Amino acid sequence: MSPIPRRCLLKAAAVVGAATQFSWALGARDAQAAPATAAGGADPVTLDWLEDGGLGAAPGSTTGVPWPMGAYQEDQAFALTDEGGKDVPVQTWPLAYWPDGSLKWTAHAVSSGTGKLTLTAGTPAEPAQKVTVDTGGGTVDVSTGVITARLGKNGSTLVKSVTRGSTEIAKDGRLVLIRQPEIEDDDQGTVKSERFDGAIDEVTVEQDGPVRAVVRIDGKHRKGDRSWLPFSLRLYFYAGAGSFRMVHTITYDGKQEPGKASGDFIRGLGVRFTVPMRDAAYDRHIRIGGEGTGLLREAVQGITGLRRDPGAAVQTAQYEGRKLPDPATWDQRVTTRLQYIPHWGDYTLAQLSADGFTVRKRTRQGYGWIGAGGGKRASGFGYVGGASGGLSFGLRDFWEKFPAQLDIRDAHTDAATVTLWLWSPEAQPMDLRFYHDGMGQDTYAKQLEGLNITYEDYEPEFGTPYGIARTSELLFWANDSTPDADTLAQQVAAVRVLPQLAAPPRQLIKAKVFGPGLFSEPDRSTPAKAKIEDHLDFLFTYYKDQVETRRWYGFWDYGDIMHTYDATRHVWRYDIGGYAWDNSELSPDLWLWYAYLRSGRSDIFRFAESMTRHTGEVDVYHLGTWAGLGTRHGVQHFGDSAKQQRIANTTYRRFYYFLTADERVGDLMHANVDSDETFLVLDPQRKVRTAPYTPDRHALSIGFGTDWSGLVSAWLTEWERKGPKWEKAKARVLSTMEGIAAQPNGFVQGSGLYDLDTGEFAVADKPVVSVSHLSAVFGLGELCAELIHLVDMAAFKAAYLDYCRYFNATKAEQQARYGSDFGTLLLFQGHSRLDAYAAVQTGDATLAKRAWTKFYGSDGYTESSPWKTEKLTGPATLVEGTEASWVSSNDTALYGLAAIENLALLGDRMPG
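Here this note's numbering = 1-based position in the sequence shown + 4.
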């Protein structure tokens, strides 16, 4: 194809000069150092916390804020004030740019603040205690002004020490992996295990203050000559904070084969610290979080409840965690017998299911355990230390991502150890073997027959977990003394719900991000609008309740939903092929994020957050042959043989990244930039092609729907972020847009032959009509709305609007336009949002009317749908709850997106 013509150039000049020199890893530091410029045309933005309580005990919070095109240039500085007008220190850096080089998204990090904060153009206040990073010598030393962490550059000790003032609070921070080489399905085997330690390969300082510092540590777990299970950790430090946050990612690269007992089974996976113990045994305190903000509050040597009373003041002081007075002042009947009071050195809380935890303790190794309580759902929080200081620690989503565990060991000695187990060693080993033997499906023909009965697309050796990943979040506080009850409750709250600062919906709408005009704030001004809003609320509430009722929890499962319901068994089809886990099918991720964008609701944000963490990690391959591809919906998240771009789609990650500046999600999006290479490895249409096809680097068959939408979302995001490959990504966005527009039938052509080296589609020599009901329901519509807003390419816009106009048209209209109709189609309600978009873009009143006609009266949900749940009790169901057997996740995602977008685009043209 010819070079991109001038008519395809951007609406404004591309970023040049300083933007092209923007440092990917050090952008925050460089951007913060940039001089302030005159304020642009944007109004101040009021930021607020998603939940009440402000920052609380969290070390800090980072949020993303969008700006209208042209409002601010790259060198703009920003200032932050609280409701009283007091300056709040803030660190700012660019997240994304508009095509004219102006700021599209900026990130803002704070380490203080409780109420609403106002963001304006201006010079930021400096924190009283800055974060500093020193990379000299053999360690990376990070100081918040309150604590200092010395991080290793090599070896197995990731965090060499954490000090507060001159007191060492924790040391020897490391990763622990227990491998079980064989798994037995009966009671005759002998369980063996071996321990691997995380070993550092690379340390990168990504930000170095003044408000926020980020250090990334990459490596693998090692024992002897073997290294496996890659990890990537980020440690977050904020100015003036006595705490830090850890984001911990593992990528599974072991071997587990169906039908075989031997393999790489993870028995335990944890983060471990040593905590120096300096105080007398009766001044050493243990705190273990139970339900809510509940705590087990004990001392290593308890002096309460004894036969002899040391005094009420002494007992109260110990319970509250204060240093006790000299034992000489106690009742001497206690003081003279202190040596006979046991020292309890070991504690364990194990959460082996979403519904139960147990706590036990013992004096030390080699002696018996005694029960110390239990409950349903633990907070994942603990503390060990004493009057002279101690370490608080917590694991987010502790019970949601069971089996999890907290261990405290040797608290009676000079050095206690704390282990936060992301996978409890007391649970069954992590069994990721494929769940059946293939049932004779050894040819494509048989596999298609299997697809026709269970909806599972099976293929031998495709149901592998090799390359899937999981991210966990942990918090640590270095306390100068045992915290009081209120402080502990604040720390527990931060572990359970990490405080998040957010821009309001009106700013997101005003900035025209994520597709201008596709979402608007909820509006109940008319009965028709109110009814749709009620339906949207019903669907979200129902899914939130189903997560709880159906126990959609677990280390690998939490964050996903199920695909289809089995009304006969009163369960979701958890064991039926492609009807089980949803894996982003038809874009529930988009439904949830657009629901949040328009409402600002914290409960929707948290649901979408957990889904993004799941679908971007577990449902996608990050290593191996299929790196860059995701797996279709199925009984196991990695089980189906359909490995495709549509599931790895960067579109689903963009929201969380730009709203929070989360670096891990940024990694995932950047990793997809070269995922066009995957079409050389695996043909997504291999089982259904009727003509011979061999993947050719210069002529890869790529669909314009589910394939291209996944590719272009990654390219667009890399371009906007000015990532390391942004120029290549930009060129591919523009060349593929041009290539689709140049096809004889545009998007209706269905697919094209793509050249990996040039990034261009060959133009077909004859028109073809190839339309799938799936093409536009994996984010294509939302992406095209963004692209049309960003890129002045009339031919592409025309091609897309043509697709929008004719998908829901009559067969006669399709025949008249293209010489052939589109065949048998589905999902008309979901496609009504394409009608609505085209109606607004063209001013076509007929299309506007059809949008509402298809929304109200085609397939999917209708006004005559029940819009209610039925109560379920035994013996019909395992646990009491509710069901709406008429609800399916496909219909929910499509209805949700169509409702949100149609209301925003055509809310003033509703029927009646």
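Idealized CB from N, CA, C, for every residue including glycine.
All figures in this text were calculated on a predicted structure; none of them were measured in a lab.
Ranked by Cα distance from residue 901, the first of 280, 873, 834 and 875 is 834. Inside the segment 242-330, DSSP marks whole beta strand (DSSP E) runs of 3 or more residues at positions 247-255, 266-280, 288-293 and 299-303, from first to last along the chain. The beta carbon of residue 278 lies closer than 6 Å to those of 175, 176, 419 and 421 in the same chain, with the five residues before and after it left out.
Bridge pairing for residue 744: absent [DSSP]. The continuous beta strand (DSSP E) containing residue 97 extends over residues 95-101. In this structure residue 162 is in contact with residue 178, their Cβ atoms being roughly 6 Å apart against a cut-off of 8 Å.
Under DSSP, residue 560 shares a beta bridge with no residue. The DSSP-derived three-state label of residue 681 is helix. The Cβ neighbour count for residue 905, taken over all protein chains shown within 10 Å, is at least 16; the residue is labelled buried.
If you compare the alpha carbons of 707, 445 and 717 with that of residue 772, the shortest gap goes to 707. Taking the C-beta atoms as reference points, residue 615 is found nearer than 8 Å to residue 593.
Residue 106 sits in coil when the DSSP states are folded into three classes, being neither helix nor strand.
Assignment of residue 673 by DSSP, reduced to helix, strand and coil, places it in the helix class. Annotated as proximal: residue 135 and residue 215, with beta-carbon spacing under 8 Å.
Per DSSP, the beta bridge partners of residue 168 are 151 and 171.
About 15 Å separates the beta carbon of residue 625 from that of residue 680, a gap too long to meet the 8 Å contact definition. Remark: C-beta atoms of residue 653 and residue 739 do not approach each other more closely than 8 Å. In the DSSP assignment, residue 652 falls within the alpha helix (DSSP H) that extends over 649-652.
Scanning the segment 407-431 for uninterrupted beta strand (DSSP E) segments of 3 residues or longer gives 408-413 and 419-427, listed from N- to C-terminal end. Taking the CA atoms as reference points, residue 202 sits about 37 Å from residue 461.
Its chain contains 559 and 562 as the residues whose beta carbon lies nearer than 6 Å to that of residue 405, once the 5 sequence neighbours on both sides are disregarded; these appear in chain order. Annotated three-state conformation of residue 531 is helix, per DSSP. Secondary structure at residue 233: strand, using DSSP grouped into helix, strand and coil.
Within a 10 Å sphere around the beta-carbon of residue 229 sit fewer than 16 other beta-carbons, which makes this residue exposed. Between the alpha carbons of residue 687 and residue 703 lies a distance of about 12 Å. A contact between stretches requires three or more CB pairs, one per stretch, nearer than 8 Å, and the segment 533-541 fails this requirement with the segment 872-882. Secondary structure within the segment 468-493: the beta strand (DSSP E) runs of 3 or more consecutive residues, fully enclosed, are 473-483 (chain order). In this chain, the alpha helix (DSSP H) harbouring residue 806 covers 798-811. For the pair residue 189 and residue 402, the Cα-to-Cα distance works out to about 27 Å.
Boundaries for residue 607: no beta strand (DSSP E) harbours it, while the alpha helix (DSSP H) harbouring it runs 606-621, taken from the DSSP string.
Judged by their CB atoms, residue 895 and residue 861 are not nearer to each other than the 8 Å cut-off.
The residue among 885, 829 and 748 with its C-alpha nearest the C-alpha of residue 802 is 748. In the structure shown, residue 689 adopts coil according to DSSP, grouped into three states. Straight across, the Cα-Cα distance linking residue 142 with residue 209 is about 14 Å.
Residue 90 sits in coil when the DSSP states are folded into three classes, being neither helix nor strand.
Residue 483 counts as buried, since at least 16 other C-beta atoms from the protein chains shown sit within 10 angstroms of its C-beta.
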